[in-house]
Amino acid sequence: MKQRRRSSDENPNALDLLESEIEMMKERFSKLLLGEDMSGGGKGVCTAVTVSNSITNLYATVFGQNLKLQPLNLEKKAMWKREMNCLISVCEYIVEFAPTAQYLDDGTIVEVMTSRPRSDIYINLPALQKLDTMLIEILDSFIDTEFWYAEHGSISGNSTRSREGSFRKVVQRKDEKWWLPVPCVDPGGVSVKSRKHLIEKRDCANQIHKASMAINSSVLAEVDIPETYMANLPKVSPH
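With full-length UniProt numbering, letter number 65 in the sequence shown gets 65, and the count goes up by one each step, no holes.
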């Protein structure tokens, strides 16, 4: 602790960053404890919903405007890792008890109950973290690409001017996605190597999506649905 204080005193920016992270942690855990009801009036939601909402909001902040195949900037990447670690840290306390053999000094074997992460968390959380890392690695691989982007409204006709001043081909896309930046390539298209890289990363992203959906489906299949909830669902007429 003394060593950290000395380092922070030598670098005021490091101290400010440390204090900012501490305040962020306090805010996050306060929301978790109060179920997003910061008034303390007891109108909050359960912890699981709070964590889910927080992860959704974090995703929107970090990835919501990430519409290009390019690495995340370092600030957002650090925010994603830091705040995700904070949010999923509650999983460390979701445990179940299981019998375990314990050997005494005299060689006697006794059975005791020990805690371990709940089985679904123990299996699925590391898998999801691995998939998350793979997605970040896909974005990180798009450096020195043979394509670039032009913002919508800054192009005219079927061509646009690159940073070097030459005219390049603009990839056409459907008008309903007008908010997306327009990818641009050389008149001859991308090289075989670049095309292979794009196809490889597309296939990898598809596999990550399938794996995530499979985990999601398996978790939902194990959720017990209260009979009162089913009874209150709208009745669909057979006609």
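Cβ coordinates follow ideal geometry from the N, Cα and C atoms, glycine included.
- For Arg202, the enclosing alpha helix (DSSP H) covers residues 192-222.
- Counting C-beta pairs with one atom in each stretch, the region 134-152 and the region 194-205 have three or more that are closer than 8 Å, which means they touch.
- With fewer than three CB-CB distances shorter than 8 Å, the region 228-238 does not count as touching the region 103-121.
- A buried status is given to Arg28, since no fewer than 16 other beta-carbon atoms sit within 10 Å of its beta-carbon.
- Tyr149 and Pro187 do not touch by the CB rule: their CB atoms are close to 17 Å apart, not below 8 Å.
- Annotated three-state conformation of Ile88 is helix, per DSSP.
- The beta-carbon separation of Leu87 and Ser54, rounded to 5 Å, stays under the 8 Å limit for a contact.
- Of the candidates Asp140, Asp224, Lys193, Ala214, Asp140 places its Cα closest to the Cα of Pro71.
- Leu74 has its alpha-carbon roughly 27 Å from the corresponding atom of Thr50.
- According to the DSSP secondary-structure assignment, Phe29 is paired through a beta bridge with no residue.
- For Pro117, the pairing in a beta bridge is given by DSSP as Val95.
- By the criterion of a C-beta distance shorter than 6 Å, Gln102 is surrounded in its chain by Val110, Val112, once the five residues flanking it on both sides are discounted.
- Per DSSP, the continuous beta strand (DSSP E) segment holding Val182 begins and ends at 182-185.
- Nearest neighbour of Asn85 by Cα position, chosen from Glu21, Leu15, Met213, turns out to be Glu21.
- Under the three-state reduction of DSSP output, Ile225 falls in the coil class, being neither helix nor strand.
- DSSP links Trp148 through a beta bridge to Cys184.
- Taking 8 Å as the cut-off, the beta carbon of Glu146 is found no closer than this to the beta carbon of Ser218.
- When secondary structure is reduced to three states using DSSP, Ile109 falls in the strand class.
- When DSSP states are grouped into helix, strand and coil, Gln70 belongs to the coil group.
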